[in-house]
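Those letters in the sequence shown? Residues 162 to 646, by this note's numbering.
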Amino acid sequence: MDCASAHPPMNLYVCTGQSTFWIDMQIMFSCVVHKQCTPINEKFDKMILDCGILVFFVGLTLGLVPKPFHHEIRSQLYDLSDQLIITHNNSRCFILQEAIKRFMERFRDRQPPLQITQPQTPTGTILMIEIEITQKCDELSQKLWPEHEMNEQYSIYVKTKTVAIQTETVWGALHGLETISQLFYRTKQNLRLIQAQELHDKPRFGHRGFLIDTSRHFLPVETIYQFLDAMAMVKMNVLHWHIVDTQSFPYQSYTYPKLSDKGAYDPVAYVYTKIDVERILEYARLRGIRVMPEFDTPDHVASWGLGYPKLLTECYKEGKPTGVYGPIIPVRTYTYEFLIRLFEEVTKVFPNKLIHLGGDEVEFDCWQSNPEVLQFMDQMGMGRNFSLLQSYYTEQLIKLVKRLPPNGRSVIPVVWQEVFENGFRSDEDTIIHVWKSGWPSMMKRITKAGFRVLLSSCWYLDQISYGVDWPAYYSCDPTHFNGKF
């Protein structure tokens, strides 16, 4: 069982370690659907600043974000030398080298000193951080990518003259450096103080997700970088990129260029080129973050149809077409040929095993009115059970995605909970993403059926109520569903 990001269009939350840290954010946009969307990004900058301030000042009290699995603090106090050096046993691990550069930038940053009286005189000066990684990290011939269910454990020992990070993987080393950056603080005497301590940490949930919706709200690449920096601060490891939806199709496909040419708010200003995506993936990789793209179907696809109308179901009224289009039409060979080629591209571009296929909020009205759909259902013996039709579509989509060339890894499909509610049971590798209320009973049903599950239900920050409601974000525990865990 994993912990994941909120369903769009939602504000953002962070689920990390043993605690939940959340960011309330309201984003304003000026939009005309399929024409223009101008983001106002001041709020994004403030969110990133707030996140940094929170991590900094929480670190001053040794209240780490997130809370470590095991933490023992001792009485000795040390000063970190201005000439601090970092040693490691992986000279060809570029991920680690970049992480050390980021750490040293923060270490040398002349942030305002903490306005408190120095509690005691340091008993010694720490000269070195030693990083020991037992699994070799060699990127000379091939990049190392964060993986689903990767090992992120690490230990930190702060002692006389040395801080030691011990870990099996480079991903644990990244987290260890982040933790150390929260453990020291600068005094008015310009000392960087850190207490003697021993810390052992591992994630409570292997999937700690953060969702961005770039269809409804286009985000510049630099803004996505800021999100990734904030995620790294709190050890989140999955960027759930809800990249396209009904409102716009900003992903620039080299296989089907008309998807963004016709479906983006602007085919030049508001698209993500192949180079943009590669830059985002690399920025995330260097921070130990996987990118899970979501191409939501069979509904939420109006922007797809602007360039490729044959993909969508035409609605009928009194036996005549209305000119209105609904979900993807699931009864044509053309549909699946199109999807095979699109997802072949997607799986080549995105190295993560998890590909989110959507499946939520499917409106059946157009299917119910379309003669071609009804004829197919009669031939398949489905009667007028449109949940069966959606299940048929999902099964075909998952089969074709899993049959694609592996590119060095197998694909793990992720779908929203409606797919399960409509009777899908055919592929237990599929992960079910729960986002509605009543999640404990739904998670019990899903896990009893043998599926893994992601949870987002508790963290809809736009669903506010009168009075104090923020404690609910913290009290929600994804394991409290009286079922298989």
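The beta-carbon is built from N, C-alpha and C at its ideal position, and this holds for glycine as well.
Tell me the start and end of each unbroken beta strand (DSSP E) in the segment 574–628 that is at least 3 residues and wholly inside, in chain order. The segment 574–628 contains, as complete beta strand (DSSP E) runs of 3+ residues, the segments 592–595, 613–616 (chain order).
With distances taken from CA atoms, which of 439, 513, 230 is nearest residue 570? Among 439, 513, 230, the Cα nearest to that of residue 570 belongs to 513.
Which residues does DSSP pair with residue 325 in a beta bridge? As a beta-bridge residue in DSSP terms, residue 325 pairs with 291, 318.
Pick from 390, 408, 398, 401 that is closest to residue 379, judged by C-alpha positions: Cα-wise, what sits closest to residue 379 is 408.
Suppose the cutoff is 6 angstroms on Cβ atoms and the five residues either side in sequence are ignored; what does the same chain contact list for residue 462 look like? Excluding residues within five positions, the ones whose Cβ falls inside 6 angstroms are 489.
Among 596, 597, 372, 576, which residue has its Cα nearest to the Cα of residue 587? Relative to residue 587, the option among 596, 597, 372, 576 whose CA is nearest is 576.
If you draw a straight line from the C-alpha of residue 299 to the C-alpha of residue 339, how long is it? Each residue's Cα considered, the two are about 22 angstroms apart.
Provide the residue span of the beta strand (DSSP E) that contains residue 453, from first to last. Following the DSSP letters along the chain, one finds residue 453 inside the beta strand (DSSP E) bounded by residues 451–458.
I'd like to check one pair, residue 357 with residue 235: are the Cβ atoms closer than 7 angstroms? Taking a C-beta distance under 7 angstroms as the contact criterion, residue 235 and residue 357 qualify as a contact pair.
Pull the bridge partners of residue 477 from the DSSP assignment, please. The beta-bridge partner set that DSSP reports for residue 477 consists of 482.
By how many angstroms is the C-alpha of residue 336 removed from the C-alpha of residue 313? Each residue's Cα considered, the two are about 8 angstroms apart.
Considering just the uninterrupted stretch of the alpha helix (DSSP H) at residue 242, what are its terminal residues? Segment 231–249 is the beta strand (DSSP E) holding residue 242; no alpha helix (DSSP H) there.
Contacting residues, own chain, Cβ-Cβ under 8 angstroms from residue 249 (five flanking each side not counted): Counting only Cβ-Cβ distances below 8 angstroms, and skipping sequence neighbours, we find 257, 261, 291, 292, 293, 294, 334.
Taking contact to mean at least 3 C-beta pairs separated by less than 8 angstroms, is the segment 449–456 in contact with the segment 510–526? Between the segment 449–456 and the segment 510–526 there are three or more C-beta pairs closer than 8 angstroms, enough to call the two in contact.
Own chain partners of residue 594 with C-beta closer than 6 angstroms, once the 5 adjacent residues on each side are dropped: In chain order, 575, 577, 615 place their CB closer than 6 angstroms to the CB of residue 594, counting only its own chain and leaving out the 5 sequence neighbours on each side.
Leaving out five residues on either side along the sequence, give the residues of the same chain with a beta carbon under 7 angstroms from the beta carbon of residue 389. Excluding positions up to five away in sequence, the list reads 400, 444, 445, 448, 450.
In whole angstroms, give me the CA-to-CA distance for residue 376 and residue 640. Distance between residue 376 and residue 640, taken at the CA atoms: about 32 angstroms.
Compare the Cα-Cα distances from residue 485 to each of 466, 503, 495, 497 and report the closest residue. Answer by Cα proximity: 466.
With 16 as the cutoff for other CB atoms within 10 Å, does residue 242 come out buried or exposed? Of the other Cβ atoms in all chains shown, fewer than 16 fall within 10 Å of the Cβ of residue 242; this residue is therefore exposed.
Among 297, 265, 289, 267, which one has its Cα closest to the Cα of residue 253? The shortest CA-to-CA distance from residue 253 to any of 297, 265, 289, 267 is the one to 297.
Residue 204, DSSP secondary structure in three states: Because the pLDDT of residue 204 is 46, which lies under 50, any placement of that residue in the model is unreliable, and the question is left without a value.
Return yes when the Cβ of residue 360 is within less than 7 angstroms of the Cβ of residue 232, no when it is not. For residue 232 and residue 360, yes; Cβs fall inside 7 angstroms.
How would you label residue 355, buried or exposed, when you count the other beta carbons within 10 angstroms and need 16 or more for buried? Buried: at least 16 other Cβ atoms inside 10 Å.
Alpha carbon to alpha carbon, how far is residue 626 from residue 633? Residue 626 and residue 633 have their C-alpha atoms roughly 11 angstroms apart.
Just to check my reading of the structure: residue 468 and residue 476 have Cβ atoms closer than 8 angstroms, yes? What is that Cβ distance to the nearest angstrom? Not really, about 19 angstroms apart at Cβ, beyond 8 angstroms.
Give the DSSP-derived three-state secondary structure of residue 448 in the structure shown. Residue 448 carries a coil assignment under DSSP once its states are collapsed to helix, strand and coil.
If you drop the 5 nearest sequence neighbours on each side, which residues of the same chain put their C-beta closer than 8 angstroms to that of residue 544? 538.
Nearest to residue 285 by CA position, among 387, 352, 329, 548, is which residue? When the alpha-carbon of residue 285 is set against those of 387, 352, 329, 548, the nearest one is in 352.
Pull up the CB-CB distance for residue 572 and residue 508, whole angstroms please, since I reckon it's below 8 angstroms. The C-beta distance from residue 572 to residue 508 rounds to 6 angstroms, short enough to fall under 8 angstroms.
Using CA atoms only, rank isn't needed, just tell me which of 306, 323, 327 is closest to residue 316. Cα-wise, what sits closest to residue 316 is 327.
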